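Asks: Just so we're aligned: the sequence shown equals residues -17 to 228 in the numbering used here.
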Amino acid sequence: MTEAGTLLSARDLWAGYVPEVDIVRGCNIDLDEGELVSVIGPNGAGKSTLIKSLFGLVPAKEGTITFRGEEVRRAPTFRLVERGIGYVPQTENVFPNLTVEENLQMGAYLRPKTLKSRCEELYEWFPVLSERRRQRAGTMSGGQRQLVALARALMLEPSLLLLDEPSAGLSPSNVDVIFDRIGLINSKGVAILMVEQNARRALAMSDRGYVLEVGQNRFTGPGRELLNDPKVAELYLGGGPSKGTT
Ligand SMILES: Nc1ncnc2c1ncn2[C@@H]1O[C@H](COP(=O)(O)OP(=O)(O)OP(=O)(O)O)[C@@H](O)[C@H]1O
Ligand SMILES: [Mg+2]
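Here's what the structure looks like:
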């Protein structure tokens, strides 16, 4: 049983790529309906592996994962997609040889009937994609490609979006655009679990945050609280107090 409002809950989760090596080592993650939650931590902490294990892409060996109160730890990825989970990988998250429109269509192969109307809705959320619907994704800027990846993951109207480093490698102005659109997606009621290197920025907009280290929870709390925690700042936010981060 889960509390009312809990969307995703992982308890004592262990996961890894090969049987003898555990990367995620007893992690706990909770996410309520409509919440925006960030996971930060050093390189190699297991953030991407955690997200992949929640989406069935890496075996979750032990523990429980519940989605809307149902146990899904062993559910295959396509079942998780059917239940309302979307995922944007850290890299290679668009089909470079397909146009924007074709990328979106690939995101909705399960529901061809609603495809057209959902495309149009997403073009309203991402106007730049509407203008470029016939452009191949591979010829677009990094920021625009990231918007294509977000839109594709939203085609099936997920209630939870898993984002792995959505702002990685983008110019400062594109980072602004991506975080702004993530805020918009969340304001439409989509819960978001986001891994970010841009930790200050991510925590500032998050309801809650997790600091992960060597596959384990290190700190947990409201985004603003973590941002203002001197220990978190020193260890994970490049030191110093957080000054006016928005
Ligand atoms: N496909 C894979 N096969 C085997 N081991 C892997 C694989 N991908 C990652 N690992 C290992 O898992 C550990 C955690 O990697 P992971 O990518 O989850 O970390 P991360 O916190 O996302 O790091 P980063 O901040 O660099 O993205 C690392 O030691 C890495 O070498
Ligand atoms: Mg990663």
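Glycine included, C-beta positions come from ideal geometry on N, C-alpha and C.
Being a predicted model, the structure only gives us computed values, none of them experimental.
(1) Cβ atoms of Phe49 and Arg65: under 8 Å apart, would you say?
(2) Since Leu166 is in the alpha helix (DSSP H), which residue starts that stretch and which ends it?
(3) Once DSSP output is grouped into helix, strand and coil, what is the label at Gly226?
(4) Spell out the partners DSSP gives Gly68 in its beta bridges.
(5) Taking 5 Å as the limit, tell me which residues put their C-beta closer than that to any heavy atom of ligand 1, in chain order.
(6) Please report the Cβ distance between Leu39 and Ala(-8), rounded to the nearest whole angstrom; I am assuming they are in contact, meaning their Cβ atoms lie under 8 Å.
(7) Pull the bridge partners of Met176 from the DSSP assignment, please.
(8) Does the stretch 196 to 209 touch the stretch 44 to 61, meaning 3 or more C-beta pairs lie closer than 8 Å?
(9) Tell me the residue span of the beta strand (DSSP E) that contains Ala42.
(10) Where does Ala150 fall in DSSP's three states?
(11) Who pairs with Trp(-4) in a beta bridge, going by DSSP?
(12) Taking 7 Å as the cut-off, is the C-beta of Val177 nearer than that to any heavy atom in ligand 2?
(13) Return the chain-ordered ranges of every alpha helix (DSSP H) run that is complete within the stretch 60 to 140 and spans a minimum of 4 residues.
(14) For ligand 2, I want to know if Glu147 counts as a neighbour, meaning its beta carbon is within less than 7 Å of at least one of the ligand's heavy atoms.
(15) Run the CB neighbour count on Glu17, radius 10 Å, all protein chains shown included, and call it buried at 16 or more, exposed below.
(16) Sort Pro71, Ala215 and Glu195 by Cα distance to Arg232 and report the nearest one.
(17) I'd like to check one pair, Val70 with Ala119: are the Cβ atoms closer than 8 Å?
(18) If contacts are defined as beta-carbon pairs under 8 Å, then Leu152 and Leu175 qualify, I think. What distance do you get, rounded to the angstrom?
(19) Thr31: buried (16+ other C-beta within 10 angstroms of its C-beta) or exposed?
(20) Is the beta carbon of Val157 closer than 8 Å to that of Gly23?
(21) How about Ala133 and Leu97: are their beta carbons less than 8 Å apart?
Replies: Walking through what the data contain:
(1) yes
(2) The continuous alpha helix (DSSP H) containing Leu166 extends over residues Pro154 to Ser169.
(3) With a pLDDT of only 49 at Gly226, under the threshold of 50, the placement of this residue in the model should not be trusted; the figure read from the coordinates follows. Reduced to three states, the DSSP call for Gly226 is coil.
(4) According to DSSP, Gly68 shares a beta bridge with Leu143.
(5) Tyr(-1), Ile5, Asn25, Gly26, Ala27, Gly28, Lys29, Ser30 and Thr31
(6) Contact flag wrong, Cβ pair sits at about 14 Å.
(7) Ser20 and Leu145
(8) no
(9) Ala42 to Phe49
(10) coil
(11) Arg7 and Glu44
(12) Relative to the non-hydrogen atoms of ligand 2, the Cβ of Val177 comes within a distance shorter than 7 Å of at least one.
(13) 82 to 88, 97 to 107, 109 to 113 and 124 to 136
(14) yes
(15) buried
(16) Lying outside -17 to 228, the shown extent of the chain, residue 232 is not represented and no answer is given.
(17) No, Cβ-Cβ distance for Ala119 and Val70 is not below 8 Å.
(18) The pair is not a contact, with the Cβ atoms about 20 Å apart (cut-off 8 Å).
(19) buried
(20) Taking C-beta atoms as the reference points, Gly23 and Val157 fail to come closer than 8 Å.
(21) no
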